[in-house]
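**Student:** Chains as they are written, first to last, in my numbering: chain A, 1 to 151; chain B, 1001 to 1151.
Protein chains: 2
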Amino acid sequence: MADTNGKDSAGRDPDSVAAALSQVGDRWTFLLLREAFFGVHRFVDFQRNLGVARNLLSERLGQLTANGILERRLYQTRPERHEYRLTDKGRDLFGVTVAIMRWGDRWLSDTPPLLLTHAEDGGAVEQELRCADCGQVLTARDVRYAHTNPP
Amino acid sequence: MADTNGKDSAGRDPDSVAAALSQVGDRWTFLLLREAFFGVHRFVDFQRNLGVARNLLSERLGQLTANGILERRLYQTRPERHEYRLTDKGRDLFGVTVAIMRWGDRWLSDTPPLLLTHAEDGGAVEQELRCADCGQVLTARDVRYAHTNPP
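Structure representation (structure tokens):
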């Protein structure tokens, strides 16, 4: 980012990256979210698709539910079965998920194994940062940061 | 995403989210990246800003360097001192970092502790998904996914 250096960040308040990562900064958690965006809702499907241990899966689904990112719903009563659905807060992580996927496409694979397209016209999905005022597409060099409560 | 269900994802190939998370899917790694975008380059500054243990910091910086996200450069010879700079691959994670920060702003804090603005005109920095063809801003519901090599 422009106009910053090490000094400015001394004693930084916990910011939103840290707060967000405490809720989603875990590889399994993120893979669960990806599955949820793909339309997976049930324990057995998460387990099969990710090859994750039951106790680990159960623990991560519980955390995501406790954090209001997934919602647990009864879909069958005999025997009782629940499914997990994205809440608004969870659905709002789509941009993050796509940003990570696209970075992986650019730097970690020759052919992106999964293609994301606009359903209506088949156009490629691009993630970008844009200035809400002038509309310019922004890179790290165009961005300044400021504490709302300067330390 | 539109038109998907659990069935489609059986036997999913490792995709770019999984690949990317194997390189950056860790809370400390991400916080280090955030610091690097803030202009922090030196071991002592990372350590002070994050309050992270030396061995953990050293291990994470080593991983990021091995993965080509940071570059280790000599900046002083007596005694020998190195600093860590973002590579192109690392700088390209800015969109991901901002996406996570903005999500945290929306859902985890009343007042965003850190404001990102366009340096030139002070406009807010917005992260969005857009169709490369028609230019429409996209949500999860507008997006289809397809395997490049159907399983």
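Note that beta-carbon positions come from the ideal geometry of N, C-alpha and C, so glycine has one too.
1. Taking the alpha-carbon positions, what's the E1080 of chain B to S1058 of chain B distance?
2. Across the segment 1027–1040 of chain B and the segment 1097–1104 of chain B, are there enough close Cβ pairs to call them in contact, namely three or more that are closer than 8 Å?
3. So, with DSSP's three-state summary, where would you put T29 of chain A?
4. Out of B:T1077, B:G1051 and B:G1039, which has the shortest C-alpha to C-alpha gap to V143 of chain A?
5. Should F43 of chain A be flagged as near chain B, meaning a C-beta pair shorter than 8 Å?
6. So with Cβ pairs under 8 Å, would you call L1116 of chain B a contact of chain A?
7. Around the C-beta of A124 of chain A, are 16 or more other C-beta atoms found within 10 angstroms, so that it is buried, or is it exposed?
8. Would you say L108 of chain A faces chain B, with C-beta separation under 8 Å as the test?
9. I need the straight-line Cα distance from R1073 of chain B to Q1023 of chain B, nearest angstrom please.
10. How would you write the range of the beta strand (DSSP E) that V137 of chain A sits in, first residue to last?
11. Give the secondary structure of V1040 of chain B by DSSP, where H, G and I count as helix, E and B as strand, and everything else as coil.
12. Strictly under 8 Å for the Cβ-Cβ distance: is E71 of chain A near chain B by that measure?
13. Among the candidates A:A18, A:R54 and A:R141, whose CA atom is the shortest distance from the CA of D1092 of chain B?
14. Drop a sphere of 10 angstroms on the beta-carbon of N49 of chain A, count the other beta-carbons inside from all chains shown, and report buried for 16 or more, exposed for fewer.
15. Can the beta-carbon of H1041 of chain B be found less than 8 Å from the beta-carbon of E1083 of chain B?
16. How big is the Cα-Cα spacing for Q63 of chain A and L1021 of chain B?
17. Taking just the CA atoms, how far does L1115 of chain B sit from F1094 of chain B?
18. From G25 of chain A to E120 of chain A, what distance separates their C-alpha atoms?
**Tutor:** Looking at the coordinates:
1. 16 Å
2. yes
3. DSSP places T29 of chain A in the helix class (H, G or I) of the three-state scheme.
4. Among B:T1077, B:G1051 and B:G1039, the Cα nearest to that of V143 of chain A is on B:G1039.
5. Not closer than 8 Å to any Cβ of chain B, the Cβ of F43 of chain A fails to qualify, so no.
6. yes
7. exposed
8. So yes, L108 of chain A belongs to the interface.
9. Computed Cα separation, rounded: 21 Å.
10. Element bounds for V137 of chain A: n/a, residue is neither H nor E.
11. coil
12. no
13. Looking at the Cα atoms, A:R141 is the closest of the given residues.
14. buried
15. H1041 of chain B is a Cβ neighbour of E1083 of chain B, given a cutoff of 8 Å.
16. 19 Å
17. 15 Å
18. 32 Å
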